[in-house]
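**Q** Those protein sequence lines, which keep their order, are chains Z and A.
Throughout the first sequence, residue numbering follows my numbering, covering 1 to 517 in sequence.
Throughout the second sequence, residue numbering follows my numbering, covering 518 to 684 in sequence.
Glycine included, each C-beta is placed from N, C-alpha and C at the ideal position.
Have a look at this one before I ask anything.
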Amino acid sequence: MRMAALKRLFRILFDRAEALFDLAFGQQLNPFAWLGALGWYFFWIVFGSGIYLYVFFDTGITDAYTSVQYITNDQWYLAGVMRSLHRYASDALVVVVVLHVMREFSLDRLRGKRFFAWITGIPSIFFIYICGISGYWLVWDKLAQYIAIATTEWIDTLPFFGEPIANNFLNSSTLGGRFFTLMVFIHIFAPLFMLLMMWIHIQRHARARVNPPRQLAIGTAVMLVALSFLHPAVSQAPADLDVVPTELGFDWYYLFAYALLDSIPGGQLWLIIVGGFSLLAVMPWLPPEKRAPTAVVSLDNCNGCGRCFDDCPFGAISMVPRSDGKAYDSEAVVNADNCLSCGICVGACPTATPFRRATAIVPGIELPDHSIVRLRGDTLAASGRFSGDVRVLVYACDRCGIGPDEGNGAQIITMPCIAMLPPSFVDFVLSRGLADGVAIAGCASEDCYYRLGDKWTAQRLRGERDPYLRKRVDKSRLRHLHARPTSRRQHHRLLQEFASSVAQLPPNPPRGGRRDA
Amino acid sequence: MHSALRFLLQGAAYVAMAALLGYFATLPPYEYGNAGLASVKVSLSHAANRVRPCVQLTQEEIAEFAANMRRTETCERERLPLIFELDIDGETIIDLRAEPSGLWNDGPASIYERFEVAPGTHTIAARLRDTARTVGWDYAREETVELRAGLYFTITFKPETRGFNFQ
Chain Z
1 MRMAALKRLF
11 RILFDRAEAL
21 FDLAFGQQLN
31 PFAWLGALGW
41 YFFWIVFGSG
51 IYLYVFFDTG
61 ITDAYTSVQY
71 ITNDQWYLAG
81 VMRSLHRYAS
91 DALVVVVVLH
101 VMREFSLDRL
111 RGKRFFAWIT
121 GIPSIFFIYI
131 CGISGYWLVW
141 DKLAQYIAIA
151 TTEWIDTLPF
161 FGEPIANNFL
171 NSSTLGGRFF
181 TLMVFIHIFA
191 PLFMLLMMWI
201 HIQRHARARV
211 NPPRQLAIGT
221 AVMLVALSFL
231 HPAVSQAPAD
241 LDVVPTELGF
251 DWYYLFAYAL
261 LDSIPGGQLW
271 LIIVGGFSLL
281 AVMPWLPPEK
291 RAPTAVVSLD
301 NCNGCGRCFD
311 DCPFGAISMV
321 PRSDGKAYDS
331 EAVVNADNCL
341 SCGICVGACP
351 TATPFRRATA
361 IVPGIELPDH
371 SIVRLRGDTL
381 AASGRFSGDV
391 RVLVYACDRC
401 GIGPDEGNGA
411 QIITMPCIAM
421 LPPSFVDFVL
431 SRGLADGVAI
441 AGCASEDCYY
451 RLGDKWTAQR
461 LRGERDPYLR
471 KRVDKSRLRH
481 LHARPTSRRQ
491 HHRLLQEFAS
501 SVAQLPPNPP
511 RGGRRDA
Chain A
518 MHSALRFLLQ
528 GAAYVAMAAL
538 LGYFATLPPY
548 EYGNAGLASV
558 KVSLSHAANR
568 VRPCVQLTQE
578 EIAEFAANMR
588 RTETCERERL
598 PLIFELDIDG
608 ETIIDLRAEP
618 SGLWNDGPAS
628 IYERFEVAPG
638 THTIAARLRD
648 TARTVGWDYA
658 REETVELRAG
668 LYFTITFKPE
678 TRGFNFQ
């Protein structure tokens, strides 16, 4: 219950922030919708700039500082900028990853079968910090000295090591290159492990978004380069193990936990961190998600066209050789472990149409809890309930926040994802005169709860993706709405605007036309 | 919304992000320790004597071993703890017992402490017991030293040299 309240609070806060960013970027370019892709983008900037810096970096402890000074001062125009990009993109990576985690939590996109991406994302966070902390170590300035001392003293609070590791940094006479070489090694290989974890992280996502839109990528790159010139990353005084590194310029994105060591014993901080990661790891099951019945294939009605396979955002459908002897090459098979019961496959199936009369309406694939027969029945029933002059029928996804009580005289039918609605239903409603206008209400653009549902819906309605909306449909009677879940005022306004525009149109169907199903 | 206004708002968002990144990348500064004090580090790692002394084997016992496994004495693995005290100007700052490491208590015991002291002249006395004795010390050193603000003073231990080392 508390977890649900926390999610709700986060959702409201994110919705408010995202609505502000909508004003500047629009929904399609809203950075909040691209946090994961931005994470990848920042990773590649850090990776690329790191390779360039390594060319000039001396990996010996005695010359590391001098080489970083060369990078920063002598070749400030390129290597210096690369160093700044390396730092700021690393910091930006932390920012977007923290926001990404909080936002996915607020959207409840971690529970049930989505646990895989959540769980595999946790090691990436660990590796981000290993990379960042080891990177600061390599500069071997005053901050690096502090990190070396604080880290080894902190590790020494664990009961695993015989001789204190902090002995390596007691004073200048005990300083050796052994530990420094280890850090160089870690700083090179940790990003590779991190990349592996990031790759695993997206394995259950078909068409994973690993690149932000071009405008966002350019804007972000310009911002980072400008910051690098205006506020370049510089070293602090060189490390001297005989001198206490007192006042330090501190990268709070990576080192905030170190500041806690002033007030919390190292052992307790380990407990907090291990406890925090453990809590993150069990979150997908707090509480366990009720499992909706997964999609089922009706082989008699499946012609193996593969549209459901193409459209499934979670790789839950595979096409296998035909097993029933029919003259088709393949048939769809649902992997229930990956299926989130979103129904996007149903909306993609050309046999999911309300027009069929000769045979029973059983599409090639559908959700047992949300059959096409039921959707057709709900549509007809909703049409019969209109009482006002303007008859607007709204098909809405469960997640967009538009519920049956939305009012405005509109009749609302909800479903797990708006992409579950076959475009033929719009044609069905308007050609049969069941409503004067049809609104399709999904999640915010590029921010579908089921990843791709809103995008596929938009493409189907525009006639860019199979199954297409028939050209005969009067587009002035159709509106695709994108709403944020907690913005009720926005929902009312969008529906009101659409109802007003429909009111300007002649009645549907034109006089003399039929209004029954 | 007008595209120019949208462009301006985007610029403002990027500036805000840059300010956020640039500021917290170095600021606010972090105060580590107290610049007006000296910092003393004590670090030692040393294997104390065994709980029971090694026993010399007889020729008959040695002969019972395989030729490549023969040894002249047999020893139990468990070691004693280290008892360590450190006084500064007559006041005991550290008084601890460090248990040997290892699953069988057969490894070296380690001590690592760091604390701050007012700068100036101080008399430092370090004492260590690594045997079963209950009175007196196996290693001890007392010295008057000058501790300077903002600098480390380290106390280490190496039995093969003079025992304690003040630096």
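1) Would you tell me roughly how many angstroms separate the C-alpha atoms of threonine 62 of chain Z and leucine 241 of chain Z, rounded to the nearest one?
2) Is the separation between the beta-carbon of isoleucine 365 of chain Z and that of cysteine 397 of chain Z shorter than 8 Å?
3) Work out the CA separation of proline 212 of chain Z and tryptophan 34 of chain Z for me, nearest whole Å.
4) Starting from glycine 680 of chain A, trace the beta strand (DSSP E) both ways and give me its first and last residue.
5) Using beta carbons (cut-off 8 Å, strictly below), is arginine 385 of chain Z in contact with chain A?
6) Give the DSSP bridge partners of glycine 442 of chain Z, in chain order.
7) Got a sec: is the Cβ-Cβ distance from tyrosine 656 of chain A to anything in chain Z below 8 Å?
8) On the three-pair Cβ rule with 8 Å, is the stretch 223–237 of chain Z touching the stretch 76–84 of chain Z?
9) Check each candidate in A/Gly667, A/Thr589, A/Leu668, A/Tyr656 and name the one with the smallest Cα separation from leucine 561 of chain A.
10) Based on Cα-Cα distance, which residue from A/Cys571, A/Val572, A/Glu659, A/Ala649 lies nearest to threonine 609 of chain A?
11) Could you say if the stretch 111–129 of chain Z and the stretch 63–75 of chain Z meet the contact criterion of at least three C-beta pairs nearer than 8 Å?
12) For the stretch 661–677 of chain A, which residues have a beta carbon sitting closer than 8 Å to at least one beta carbon of chain Z?
13) For lysine 142 of chain Z, which of helix, strand or coil comes out of DSSP?
14) For threonine 414 of chain Z and chain A, any beta-carbon pair shorter than 8 Å?
15) Going along the chain, which residues of the stretch 545–560 of chain A sit with their C-beta nearer than 7 Å to a C-beta in chain Z?
16) Cα-Cα, which of A/Leu525, A/Glu590, A/Pro617 is closest to glutamine 573 of chain A?
17) Phenylalanine 601 of chain A CB to nearest chain Z CB: under 8 Å?
18) Serine 556 of chain A to valine 634 of chain A, Cα distance in whole Å?
19) Enumerated in chain order, which unbroken segments of the beta strand (DSSP E) with a length of 3 residues or greater are wholly contained in the stretch 323–358 of chain Z?
20) Under the three-state reduction of DSSP, which class applies to proline 284 of chain Z: helix, strand or coil?
21) Does DSSP put cysteine 305 of chain Z in a helix, in a strand, or in coil?
22) Can you list the residues of chain A that histidine 231 of chain Z reaches, using a CB-CB cut of under 7 Å?
23) Helix, strand or coil: how does DSSP classify lysine 471 of chain Z here?
24) Relative to the C-alpha of leucine 255 of chain Z, which candidate in Z/Gly135, Z/Ala221, Z/Val234 has its C-alpha closest?
25) My assumption, with CB atoms under 8 Å, is that alanine 649 of chain A sits in contact with leucine 597 of chain A. Please give the rounded CB distance.
26) Assign aspartate 398 of chain Z to one of three DSSP states: helix, strand, or coil.
27) Is any heavy atom in the ligand FAD found nearer than 7 Å to the beta carbon of threonine 609 of chain A?
28) Output the boundary residues of the beta strand (DSSP E) element that contains arginine 411 of chain Z.
29) Would you say the stretch 94–106 of chain Z touches the stretch 242–249 of chain Z, given that touching needs at least three Cβ pairs under 8 Å?
30) Name the chain A residues that come within less than 8 Å of alanine 226 of chain Z, Cβ to Cβ?
31) What residues from chain A crowd round glycine 219 of chain Z, counting only those whose CB sits closer than 8 Å?
32) Compute the beta-carbon to beta-carbon distance between leucine 224 of chain Z and tyrosine 88 of chain Z, rounded to the nearest angstrom, for a pair I have assumed lies under 8 Å.
33) For the candidate residues Z/Gly433, Z/Arg376, Z/Pro423, Z/Arg209, whose alpha-carbon lies nearest to that of phenylalanine 386 of chain Z?
34) With a threshold of 8 Å between beta carbons, is glycine 653 of chain A in contact with chain Z?
35) Sorted by chain position, which residues of the same chain lie with C-beta nearer than 7 Å to proline 485 of chain Z's C-beta, five sequence neighbours on each side aside?
36) Under 8 Å Cβ-Cβ, which residues of chain A neighbour arginine 87 of chain Z?
**A** Judging by the given coordinates:
1) 13 Å
2) With a cutoff of 8 Å on beta-carbon distance, isoleucine 365 of chain Z and cysteine 397 of chain Z are scored as not near each other.
3) 6 Å
4) Glycine 680 of chain A -> beta strand (DSSP E) spans 680–683.
5) It does not; no Cβ of chain A falls within 8 Å.
6) Under DSSP, glycine 442 of chain Z shares a beta bridge with Z/His482.
7) no
8) yes
9) Proximity to leucine 561 of chain A across A/Gly667, A/Thr589, A/Leu668, A/Tyr656 peaks at A/Tyr656, based on C-alpha coordinates.
10) A/Glu659
11) Taking a cut-off of 8 Å on C-beta distances, the stretch 111–129 of chain Z does not touch the stretch 63–75 of chain Z, as fewer than three cross pairs fall below it.
12) Gly667, Leu668, Tyr669, Thr671, Thr673
13) helix
14) no
15) Pro546, Tyr547, Glu548, Tyr549, Gly550, Ala552, Ser556, Lys558, Ser560
16) A/Glu590
17) Chain Z, which has no Cβ nearer than 8 Å to the Cβ of phenylalanine 601 of chain A, makes this no.
18) 6 Å
19) 330–334
20) helix
21) coil
22) Those are Gly539, listed as they occur along chain A.
23) Coil.
24) Z/Gly135
25) 6 Å
26) coil
27) This structure lacks the ligand FAD, and indeed carries no ligand of any kind.
28) Checking the sequence shown, residue 411 of chain Z turns out to be glutamine, not arginine. From DSSP, the beta strand (DSSP E) with glutamine 411 of chain Z extends over 411–415.
29) no
30) Contact annotation for alanine 226 of chain Z against chain A: Ala535 [CB-CB distance below 8 Å, chain order].
31) Gln527, Tyr531
32) 5 Å
33) Z/Gly433
34) It does not: the Cβ of glycine 653 of chain A has no partner Cβ on chain Z nearer than 8 Å.
35) Arg11, Asp15, Arg399, Cys400, Gly401
36) Ala542
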